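**Student:** For reference, the structure I am asking about is given below.
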Amino acid sequence: MLRFITLRLLQAIPVILVVITVTFFLVRIAPGGPFDSEKPVTREVKAALEAQYKLDLPLFQQYTSYLGDLAQGDLGPSFKYPGRSVNELIAAGFPVTAELGFYALLVAVGIGGLAGVIAALKPNTAQDYIPMSLAMIGICMPSFLLGPLLVLVFGIHLDWLPVSGWGDIPGDKILPSITLGAGYAAYIARLGRAGMLEVLSQDYIRTARAKGLPEWQVVLKHSLRGGLIPVVAFLGPAFAGLLAGSFVVETIFQIPGLGRFYVQAAFNRDYTMILGTTVFLSVLIVLFNLLSDVLAAWMNPRLRAQFGH
Amino acid sequence: MALLDVQDLAVSFVTRNGTNKAVDGVSFSVELGKITAIIGESGSGKSVACYSLLGLVPMPPGRIDGGRALFEGRDLLQLEESELRKIRGRDIAMIFQDPMTCLNPYMTIGKQLMEPLVYHHHVKKEQARARALELLAEVGIRDPESTIDDFPHQFSGGMRQRVMIAMALINEPKLLIADEPTTALDVTIQAQILKLIAELQEKRDIGVIFISHDLAVVADIADQIVVMKQGQIVETGNRESIFHNAQHPYTKKLLAAIPTDSKQARGGVAEPLIQVRDLCTWFSQDKGKEPVKAVNKVSFDINRGEVLGLVGESGSGKSTIGRSILRLVPVTSGEVLFDGTDLTALEGRDLKAMRRRMQMIFQDPFASLNPRMTVYDTLAEPLLLHGIENRATVGKGVLKLMDDVGLARAFVRKYPHEFSGGQRQRIAIGRALATRPEFIVADEPVSALDVTIQAQILDLMQQLGREYGLTMLFVSHDLAVVRHLADRILVLYKGEVVEQGSGDDLFEHPQQPYTRQLLTSIPGRSLLA
Numbered sequence: 001m002l003r004f005i006t007l008r009l010l011q012a013i014p015v016i017l018v019v020i021t022v023t024f025f026l027v028r029i030a031p032g033g034p035f036d037s038e039k040p041v042t043r044e045v046k047a048a049l050e051a052q053y054k055l056d057l058p059l060f061q062q063y064t065s066y067l068g069d070l071a072q073g074d075l076g077p078s079f080k081y082p083g084r085s086v087n088e089l090i091a092a093g094f095p096v097t098a099e100l101g102f103y104a105l106l107v108a109v110g111i112g113g114l115a116g117v118i119a120a121l122k123p124n125t126a127q128d129y130i131p132m133s134l135a136m137i138g139i140c141m142p143s144f145l146l147g148p149l150l151v152l153v154f155g156i157h158l159d160w161l162p163v164s165g166w167g168d169i170p171g172d173k174i175l176p177s178i179t180l181g182a183g184y185a186a187y188i189a190r191l192g193r194a195g196m197l198e199v200l201s202q203d204y205i206r207t208a209r210a211k212g213l214p215e216w217q218v219v220l221k222h223s224l225r226g227g228l229i230p231v232v233a234f235l236g237p238a239f240a241g242l243l244a245g246s247f248v249v250e251t252i253f254q255i256p257g258l259g260r261f262y263v264q265a266a267f268n269r270d271y272t273m274i275l276g277t278t279v280f281l282s283v284l285i286v287l288f289n290l291l292s293d294v295l296a297a298w299m300n301p302r303l304r305a306q307f308g309h
Numbered sequence: 001m002a003l004l005d006v007q008d009l010a011v012s013f014v015t016r017n018g019t020n021k022a023v024d025g026v027s028f029s030v031e032l033g034k035i036t037a038i039i040g041e042s043g044s045g046k047s048v049a050c051y052s053l054l055g056l057v058p059m060p061p062g063r064i065d066g067g068r069a070l071f072e073g074r075d076l077l078q079l080e081e082s083e084l085r086k087i088r089g090r091d092i093a094m095i096f097q098d099p100m101t102c103l104n105p106y107m108t109i110g111k112q113l114m115e116p117l118v119y120h121h122h123v124k125k126e127q128a129r130a131r132a133l134e135l136l137a138e139v140g141i142r143d144p145e146s147t148i149d150d151f152p153h154q155f156s157g158g159m160r161q162r163v164m165i166a167m168a169l170i171n172e173p174k175l176l177i178a179d180e181p182t183t184a185l186d187v188t189i190q191a192q193i194l195k196l197i198a199e200l201q202e203k204r205d206i207g208v209i210f211i212s213h214d215l216a217v218v219a220d221i222a223d224q225i226v227v228m229k230q231g232q233i234v235e236t237g238n239r240e241s242i243f244h245n246a247q248h249p250y251t252k253k254l255l256a257a258i259p260t261d262s263k264q265a266r267g268g269v270a271e272p273l274i275q276v277r278d279l280c281t282w283f284s285q286d287k288g289k290e291p292v293k294a295v296n297k298v299s300f301d302i303n304r305g306e307v308l309g310l311v312g313e314s315g316s317g318k319s320t321i322g323r324s325i326l327r328l329v330p331v332t333s334g335e336v337l338f339d340g341t342d343l344t345a346l347e348g349r350d351l352k353a354m355r356r357r358m359q360m361i362f363q364d365p366f367a368s369l370n371p372r373m374t375v376y377d378t379l380a381e382p383l384l385l386h387g388i389e390n391r392a393t394v395g396k397g398v399l400k401l402m403d404d405v406g407l408a409r410a411f412v413r414k415y416p417h418e419f420s421g422g423q424r425q426r427i428a429i430g431r432a433l434a435t436r437p438e439f440i441v442a443d444e445p446v447s448a449l450d451v452t453i454q455a456q457i458l459d460l461m462q463q464l465g466r467e468y469g470l471t472m473l474f475v476s477h478d479l480a481v482v483r484h485l486a487d488r489i490l491v492l493y494k495g496e497v498v499e500q501g502s503g504d505d506l507f508e509h510p511q512q513p514y515t516r517q518l519l520t521s522i523p524g525r526s527l528l529a
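In the order they appear, the protein sequences are chains Z and Y. Once you know that position 68 of the first sequence is 68 in my numbering, the rest is easy, because the numbers rise by one and skip nothing. Once you know that position 449 of the second sequence is 449 in my numbering, the rest is easy, because the numbers rise by one and skip nothing.
Set out below in structure tokens:
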């Protein structure tokens, strides 16, 4: 097991290097720079600023110097928030984003998993069609449409829930979490249904029924574990998607998370902030993919035995 | 009074294409302390009849049209699901065909064993565990203490079937339904499991329904035999009357399908086509471990036009020899001369040219045929690939092959899933013959087929062998089948040849203990000899 994890972590290094390199050069190819603005600054001021942030160096030297800092865990200073480092900004925004992502994941797994299992128990009946149709709508509906819709219905029309903010008014975390989690709930419902259907058609389920076990025990004890392995394997990619998706949701609901910094950084050409956030997120995504793979393997005794060696 | 008395049972499946009567007016009974065998080929309704008694047929599409099934005075067909569930796994238990898929891979066997006991009798965990250990020992699992917490994949097929049997017996049922419990196993393992079931049945004095497609399998154990065909019973009788005085033509056909004869010795000059010298095929494991010596220093010749039988159990290396000759697995050392050319030294184009002269037929015709190719495509591909036919003549070539293997020409545009197992194997044989090979490796070509179909395919292979002048390596775990077809037989054990000779030699004067064990494993031998 340890060997597998080490190997995967080593494999992640070139992936992250490629991400850094591509992002580094892409943001610099994009027209404009961090110190272009409507108010023209004098040539001297601009040169001084560029010198301060090492932007006057040749491009390749900027790149190596960035990598050198990065190796020491330093993501550099922000270009747009003078006096604050990218590390600080991420540390401030990430807990909010992580919390949002976590609740959204709960929504996705809870609602999606349940819907998938329920649908699989009675395939091709209303019990199957209704949740699966909802799931299809969930997949098709982008969050920038679902979010305002939910706000309109539950926030304004019914006036049940607050329409923006994070942790200011009780209940203001509900709508963003649902908006972000809904699409993934739909995916998980479909994965869960397929996985459960597969398992329920296995011979060992017939064995369990032949033992005289009631149906709920057949489902809970004999089917759920095998049926939900595909869902667990999907959680890594899902978490990555949730983080990326949170940028939109954070903007809709005015949530002070990492996503808003990221979007603003892109508009402002805040090179180090864009790079820093990208690197941070790609490391997280790699880690979560690894985690979900390990978990899925652990749930399968045959694979677990192979890892044991 | 009978333990179970089934009268006029009728079950049908309602599908979009109409109603299919799977079981049509079937009556039989099982006595306490006796074994009733239900015999029939795939689709004869034998399994559906038994599953419907326990409410294990999915409804819909299944539907019980009528009949009675009295078990201890109660009609099983009239019981509520909750009542039936109390009988299932407590008074009536089941074992199934494929032990590889019938145990839950995510649960330890101990947990699975204890489940029926805990559920039906609310026994405490420690007591259930103790009982599970007792039963594991009784069914012949070595060292139950250390294996009870293992997962199913850590057991071999035969051992898993023993676990299944222990699980079925843990609640001391009065009736055991065994659905083809040995069909997926090697003959030697089959013999052990049959013996075990018979012993346990006698010791516990319970009733058993034994479902099988093979009359020979039940020859030694059944008290009563019920022969089914297309949902109906064609003949019922005790063992003696079925085996020695069968009335119905179908029963006679089933009896005739049991391979008993030995192939007549072949005349002519012996000129070797294949010469295998000190063949070793080893598979390396993790570093520091000894490689698995699947084939170890095996030497033999196959003469032109000869059928050489290769017999051994799973893991004996018999399939690996076939694959090594065709260079489908890397050979570790040794020589394989084909018509004087060493195949192990060939590469690239030379190898491809040689491959045209050698073909392979696999065990599972469904898995080895491409499900998205019609019969026409499957047969035309090798004809065109090796330039045997051109675009203009390929249609005729395909039809010729279909005639040769006994497939109706009307099927030419059908896909594999539209065929039965036997027909699929005919397609696979046709594909192998397409390149006009001189040599064929047939790897368990009839093991996945019902006995009646098995007999047809063996006849077909024999006939085609003569017509095409084929040399054949016939690989099987079943000595009776090999004897029927082969001129000479090699017995393989743990990667090495332990004995060889003609079929008659081996059957009458076996030299090695392992050969003797194989012989005694042949089902129904005592009755038919």
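The C-beta atom is built at its ideal place from N, Cα and C for all residues, glycine as well. Just so it is clear, the structure is predicted and the values come from calculations on it, not from any experiment.
For K86 (chain Y), go through chain Z and note every residue whose CB falls closer than 9 Å to its CB, in chain order.
**Tutor:** Neighbours of K86 (chain Y) on chain Z, chain order: G212.
**Student:** Check the DSSP bridge columns for Y493 (chain Y) and list the partner residues they point to.
**Tutor:** Y:E496, per the DSSP bridge assignment.
**Student:** To the nearest whole angstrom, what separates the beta carbons of L135 (chain Y) and F300 (chain Y), a pair I think is in contact under 8 Å?
**Tutor:** Contact flag wrong, Cβ pair sits at about 45 Å.
**Student:** With distance defined between alpha-carbon atoms, name the residue in Y:V217, Y:I35, Y:G312 and Y:D98 nearest to L492 (chain Y).
**Tutor:** Among Y:V217, Y:I35, Y:G312 and Y:D98, the Cα nearest to that of L492 (chain Y) is on Y:G312.
**Student:** Using a Cβ cut-off of 7 Å, pull out every chain Y residue sitting near Q202 (chain Z), in sequence order please.
**Tutor:** Within 7 Å Cβ-Cβ: T101.
**Student:** In the DSSP assignment, what are the bridge partners of M358 (chain Y)?
**Tutor:** Beta-bridge pairing links M358 (chain Y) to Y:F439.
**Student:** List, in order along the chain, the chain Y residues whose C-beta lies closer than 7 Å to that of R209 (chain Z)?
**Tutor:** Going along chain Y in sequence order, the residues near R209 (chain Z) (Cβ under 7 Å) are L56.
**Student:** Measuring straight from C-alpha to C-alpha, what distance separates D159 (chain Z) and E250 (chain Z)?
**Tutor:** If I take the Cα positions, the gap works out to 21 Å.
**Student:** Along the chain, where does the beta strand (DSSP E) containing N238 (chain Y) start, and where does it finish?
**Tutor:** First-last of the beta strand (DSSP E) with N238 (chain Y): Q232 to N238.
**Student:** For G465 (chain Y), report the span of its alpha helix (DSSP H) as first-last.
**Tutor:** Element bounds for G465 (chain Y): V451 to Y468.
**Student:** Starting from R269 (chain Z), find everything on chain Y with Cβ-Cβ shorter than 7 Å and list it in chain order.
**Tutor:** None at all; the shortest Cβ gap to chain Y is about 52 Å.
**Student:** Run through DSSP, which three-state label would G43 (chain Y) get?
**Tutor:** If DSSP states are grouped into helix, strand and coil, G43 (chain Y) belongs with coil.
**Student:** Using CA atoms only, rank isn't needed, just tell me which of Z:V151, Z:L149 and Z:K211 is closest to H120 (chain Y).
**Tutor:** If we check each option's Cα against that of H120 (chain Y), Z:K211 comes out closest.
**Student:** Taking 8 Å as the cut-off, decide whether the C-beta atoms of K46 (chain Y) and M228 (chain Y) are in contact.
**Tutor:** Yes, they are a contact pair.
**Student:** Could you name the residues of the same chain whose beta carbon sits closer than 8 Å to that of H309 (chain Z), not counting the 5 residues immediately before and after it, in chain order?
**Tutor:** Because H309 (chain Z) sits at a pLDDT of 45, beneath the cut-off of 50, its placement in the model cannot be relied upon, and the following sentence gives the value as read from the coordinates. Hits under 8 Å: none found.
**Student:** Whose Cβ in chain Y lies nearer than 9 Å to the Cβ of P230 (chain Z)?
**Tutor:** Within chain Y, no residue comes near P230 (chain Z); the closest Cβ sits about 14 Å away, beyond 9 Å.
**Student:** Leaving out five residues before and five after K122 (chain Z) in sequence, what residues of the same chain have Cβ atoms less than 8 Å from its Cβ?
**Tutor:** These residues qualify, in order along the chain: D128.
**Student:** Over what stretch of residues does the alpha helix (DSSP H) that includes M1 (chain Z) continue unbroken?
**Tutor:** Segment: none, M1 (chain Z) is in no alpha helix (DSSP H) and carries neither H nor E.
**Student:** Does D342 (chain Y) come out as helix, strand or coil in the three-state DSSP assignment?
**Tutor:** Looking at D342 (chain Y) - three-state DSSP - the assignment turns out to be strand.
**Student:** Looking only at its chain, what residues have a beta carbon closer than 7 Å to the beta carbon of P131 (chain Z), apart from the 5 residues adjacent to it on each side?
**Tutor:** The residues are A115, I118, A119 and A189.
**Student:** Below 8 Å on C-beta distance, what does G89 (chain Y) contact in chain Z?
**Tutor:** Under the 8 Å cutoff, chain Z gives A210, K211, G212 and L213.
**Student:** Should N303 (chain Y) be labelled buried (16 or more other beta-carbon atoms within 10 Å of its own) or exposed?
**Tutor:** Its Cβ being crowded by 16 or more others within 10 Å, N303 (chain Y) is buried.
**Student:** Below 6 Å CB to CB, which residues in the same chain sit around K21 (chain Y) once its five sequence neighbours on both sides are set aside?
**Tutor:** Cβ within range, chain order: S12 and G231.
**Student:** Please name the residues in the segment 279-304 of chain Z whose beta-carbon is closer than 9 Å to at least one beta-carbon of chain C, in chain order.
**Tutor:** Protein chains in the displayed structure are Z and Y, and chain C is not among them.
**Student:** Do you know how far the Cα of I165 (chain Y) is from the Cα of T207 (chain Z)?
**Tutor:** Answer to the nearest angstrom: the Cα atoms are 12 Å apart.
**Student:** Quick one: list the residues of chain Y neighbouring G226 (chain Z), beta-carbon separation under 7 Å, in chain order.
**Tutor:** Here the neighbours are Y106.
**Student:** Threshold first: 4 residues or longer. Then list the alpha helix (DSSP H) segments lying entirely within the segment 106-184 of chain Z, N to C.
**Tutor:** Runs of the alpha helix (DSSP H) inside the segment 106-184 of chain Z: 126-140 and 143-150.
**Student:** Between the segment 168-184 of chain Y and the segment 94-106 of chain Y, can you find at least three pairs of beta-carbon atoms closer than 8 Å?
**Tutor:** Contact holds: three or more Cβ-Cβ distances are below 8 Å.
**Student:** Tell whether a beta-carbon distance below 8 Å holds between V231 (chain Z) and L197 (chain Z).
**Tutor:** Their beta carbons are not under 8 Å apart, which means V231 (chain Z) does not touch L197 (chain Z) by this criterion.
**Student:** Please tell me whether H222 (chain Z) has its Cβ less than 8 Å away from any Cβ of chain Y.
**Tutor:** Answer yes: the Cβ-Cβ gap between H222 (chain Z) and chain Y drops below 8 Å somewhere.
**Student:** Looking at F247 (chain Z): is its Cβ nearer than 8 Å to the Cβ of G259 (chain Z)?
**Tutor:** In this structure, G259 (chain Z) lies closer than 8 Å to F247 (chain Z) by Cβ.
**Student:** Which residues in chain Y sit within 9 Å of R206 (chain Z), going by Cβ to Cβ distance?
**Tutor:** Near R206 (chain Z) (Cβ distances below 9 Å), the residues of chain Y are Y51, L56, M94, F96 and C102.
**Student:** Return the residue from the list Z:A233, Z:G113 and Z:A92 that minimises the CA-CA distance to L220 (chain Z).
**Tutor:** The option with the nearest alpha carbon to L220 (chain Z) is Z:G113.
**Student:** Can you tell me whether G315 (chain Y) is helix, strand or coil according to DSSP?
**Tutor:** It is coil, neither helix nor strand.
**Student:** Given a cut-off of 8 Å on the beta-carbon distance, is the pair V405 (chain Y) and G430 (chain Y) in contact?
**Tutor:** Contact flag set, yes.
**Student:** Would you identify the three-state DSSP class for R488 (chain Y), choosing helix, strand or coil?
**Tutor:** Looking at R488 (chain Y) - three-state DSSP - the assignment turns out to be strand.
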